[in-house]
Amino acid sequence: MRITKEMLIPDIIENFPSTRDVFAKYGICGGETIPRETLEFFARAHQINLKELLRELNKASLESPTTETKRVTPRESIGEILWRRFFKSGIVFGLTGWIFGALNLTYISFKHSYFSLPIPLILSHAHIQVLGWAGLFIMGFAYQAFPRFKFTSLWKPRLAALSLWIAIPGIAITTVSWAFLPISGFLISGIIGSILESISALIFAVVITQTLRQAVGKRELWEKYALTSIFFFVLQSLLAPFLLYMSGEAYIKSDMSLLINRVAGFIAPYQDIELFGFIVMMIFGVSQRFIPFVFNTKEPSGKLGEFSFYVFLISLLLAVSAHIAIRLYGFESIRPLTAIPYAGLFLSSLGVIYNTGVFKKAKSHSREFKFIRAAYLWLVFSMVLLLLLPVYNHYVLGSFSHNYFGAYRHALTVGFISLMIIGVSSRVTPIMSGVEPKSSLIIPFALINTGNALRVVFQILGDFEAHITYPLTLISQVFLTTSGFAQVIGFSFWAYDIWSTANEGIKRQKEKELSRKKPVVIEAWTKVGEIIEHYPETRDLFIKLGFKEIDNPAIHETLKITPVEMVCKLYSLNEEEFLKELNSYIKRREKWHT
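This is the structure in structure tokens:
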């Protein structure tokens, strides 16, 4: 049997122990914890020549294992299991957040006012989506992928696991506290939840930083993006308790003027740090490492990547500073100048898009590529909306438009961020689970994109409701409401696919581990294939007792699920006597061998 690119690495190592030395050469170390990846994915993700790797492995497979090479059964480490827990937790929070958002949007559309909904409810929705949905997926992906990118192992995986168990109650408590802020007790619980989130973020930062530090070799471009993203992740987590207190205090006092001033002056730039500094920065870094090699598009340019990084970082800092200066210190004269950092964000985004080659002709296509391409189209559209924000506010509406700003935010968060998460996770989940993808995911793709497009367009049109007739207003309400629930349905279809794929991987892993356990006593329910695998010498006994078809290759798969009980019935054998003879035969043979 030859080793092929479609085979899983654990299966290769288990069946050909002598190949462990080859994998060790490429960064997969010894022990029992082996990544569940196909050989092709491993080669692409680690920039290894696949043909050369196949040649080395097939050559090694013909050799006997060295004396130092132990035959072990590869199993999943804590680090290998973590991504599933983070992804599933992200799905639970994400689905909750998407339903919450759809209900909020429905309420706003029929009340004809953005301010008809309490501001803390809007911030509660934003919180669960940013940290519960996007944040947990980013953490899970980083714990799983970053060690692979650097040919190393995850530093302190149990500490990494702890970050999840701290994050889950932290996110849940803070989200609920934002929603119920009129009740003063929830201000305290919200601060406690925010502190838990800060601890989780700090643990994540330490684990990933140490993981990258222990890796050998030169630093890569994507690491600069990733480490900067982690810095902003920690920064926003440390600011969160103070901002929650400031906003909550104003709301409990029923001082709407103070609340709006604090939300506009502090929460808005804080969310820029979350969205651009943490999430978009991380996506940009991973994209330039992941897309070109996994989809075989083009080699990214180091110079363009560096240029895009610094332009993006400087533009973000200028945008946040300008926002604070305008809202808190009254520097209205610099408002037109905000177009400069917005243009910088747009320019750097175009640089990253070109560097990934995402719109180049790909040599490898799969179901998730459409999500990733659509995500980057949404990014361009959201950056255009951001660039036109000062123009729209000043020349079109004459004041700040919450509808336009909300539409821009959702073009960025749902259109770009969510579709990127969906695309990348749809790629890595089947690979890490060792399961062939079953669905093309075209339904969630269509529903999420259509729903978000309707939401963005009709939310902006909400600024002009006073100038349109009732039937058109009703149509707008229907489309806005439909858009939210269309996205929820699309998300649910995708979530089911990812969840079931991850579970199928767990099931197959358990079945494989159980099948390898050598049965001490043969029972009526013991599978024939299992007996032959662990006691090959029993083949002669089966033939002697009448089961001559056992050597037929065509029924090898059937034997794996055929119990002794069924064989006895088929050949009219006395089950009790057959089992006694079989167990006695095994004992005699084992005694003879010892």
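Numbering follows the numbering used here, with no gaps: position 215 of the sequence shown is 217.
Just so it is clear, CB atoms sit at the ideal spot from N, CA and C, and this is done for glycine as well.
| Check | Outcome |
| --- | --- |
| Using a Cβ-Cβ cut-off of 8 Å (strictly less than) and excluding sequence neighbours within five positions of Thr-69, which residues of its own chain qualify? | For Thr-69, the predicted structure reports a pLDDT of 44, less than 50, and the residue's modelled location is therefore unreliable. A value from the coordinates is still provided. Excluding positions up to five away in sequence, the list is empty. |
| Taking the alpha-carbon positions, what's the Asn-17 to Leu-584 distance? | 27 Å |
| So if DSSP puts Pro-2 in a beta bridge, which residue, or which two residues, is it bridged to? | One cannot answer for residue 2 here, as it falls past the ends of the chain, which runs 3 to 596. |
| Taking only three categories from DSSP, how would you classify Leu-10? | strand |
| How would you write the range of the alpha helix (DSSP H) that Lys-372 sits in, first residue to last? | 371–393 |
| Write down every uninterrupted run of the alpha helix (DSSP H) in the stretch 222–257 whose length is 4 residues or greater and which is fully enclosed by it, in chain order. | 223–254 |
| Measure from the alpha carbon of Gln-290 to the alpha carbon of each residue in Ser-335, Glu-276, Gly-307, then state which is nearest. | Gly-307 |
| Within the same chain, show all residues whose beta-carbon is closer than 6 Å to that of Leu-183, passing over the 5 residues directly before and after it, in chain order. | Pro-122, Gly-250, Tyr-253 |
| Going along the chain, which residues of its own chain have a beta-carbon closer than 6 Å to the beta-carbon of Phe-139, five neighbours each way excluded? | Gly-92, Ile-423 |
| Using the rule of at least 16 other Cβ atoms within 10 Å of the residue's Cβ for burial, across every protein chain shown, is Asp-274 buried or exposed? | buried |
| In chain order, what residues of the same chain lie with their CB nearer than 8 Å to the CB of Leu-421, ignoring the 5 residues before and after it? | Phe-373, Ile-374, Ala-376, Ala-377, Trp-380, Ile-450, Asn-451 |
| Alpha carbon to alpha carbon, what distance is there between Val-523 and Arg-86? | 35 Å |
| Indicate the three-state DSSP secondary structure (helix, strand or coil) for Thr-154 in the structure shown. | coil |
| Just the Cα atoms here: how many angstroms apart are Asn-601 and Thr-540? | It is not possible to answer for residue 601, since the shown part of the chain is limited to 3 through 596. |
| If you reduce the DSSP assignment to three classes, tell me which class Thr-299 lands in. | coil |
| By the three-class DSSP mapping on this structure, what secondary structure does Asn-585 have? | helix |
| Which residues in the same chain have their Cβ closer than 7 Å to the Cβ of Ser-126, if we skip the five residues on either side of it in sequence? | Thr-177, Trp-180, Ala-181 |
| Based on DSSP bridge pairs, tell me the residues matched to Leu-452. | In the sequence as displayed, the identity of residue 452 is Thr instead of Leu. BP columns for Thr-452 are empty, so no partner. |
| Taking the beta carbon of Asn-51 as the centre, do at least 16 other beta carbons fall within 10 Å, making it buried, or is it exposed? | exposed |
| Does the count of Cβ pairs from the stretch 233–248 and the stretch 319–329 closer than 8 Å reach three? | no |
| Leaving out the 5 sequence neighbours to the left and right, which residues in its chain are closer than 6 Å to Gly-359 when beta-carbon positions are compared? | Pro-294, Thr-299, Lys-300 |
| Who does Thr-40 pair with in a DSSP beta bridge? | Leu-10 |
| Got a sec? Which residues, its chain only, sit under 7 Å from Lys-72 by beta carbon, not counting five neighbours each side? | Residue confidence for Lys-72 is low, a pLDDT of 46 falling below 50, so the modelled location carries little weight; the figure read from the coordinates is stated next. So the list is empty, once near-sequence residues are dropped. |
| Express the C-alpha separation of Pro-19 and Pro-76 in angstroms, rounding to a whole number. | Since pLDDT at Pro-76 reaches only 47, below the 50 mark, its modelled position is unreliable, and no value is offered. |
| Could you pull out every residue in the same chain whose Cβ sits closer than 6 Å to the Cβ of Leu-315, ignoring the five residues on either side in sequence? | none |
| Might you give, ordered along the chain, the residues of its own chain that have their beta carbon closer than 8 Å to the beta carbon of Ile-124, omitting 5 neighbours on each side? | Asn-106 |
| Give every residue of the same chain whose Cβ lies closer than 8 Å to the Cβ of Glu-65, excluding the five residues on either side of it in the sequence, and list them in chain order. | Ser-20 |
| Report yes if the CB atom of Ser-317 is closer than 8 Å to the CB atom of Leu-352, and no otherwise. | no |
| Quick check: Lys-255 and Phe-311, are their CB atoms within less than 8 Å of each other? | no |
| Check each candidate in Val-398, Phe-371, Ile-355 and name the one with the smallest Cα separation from Val-282. | Ile-355 |
| For Asn-576, name the three-state secondary structure that DSSP assigns. | coil |
| Considering just the uninterrupted stretch of the alpha helix (DSSP H) at Gly-192, what are its terminal residues? | 187–215 |
| Are three or more beta carbon pairs between the stretch 479–499 and the stretch 142–149 nearer than 8 Å? | no |
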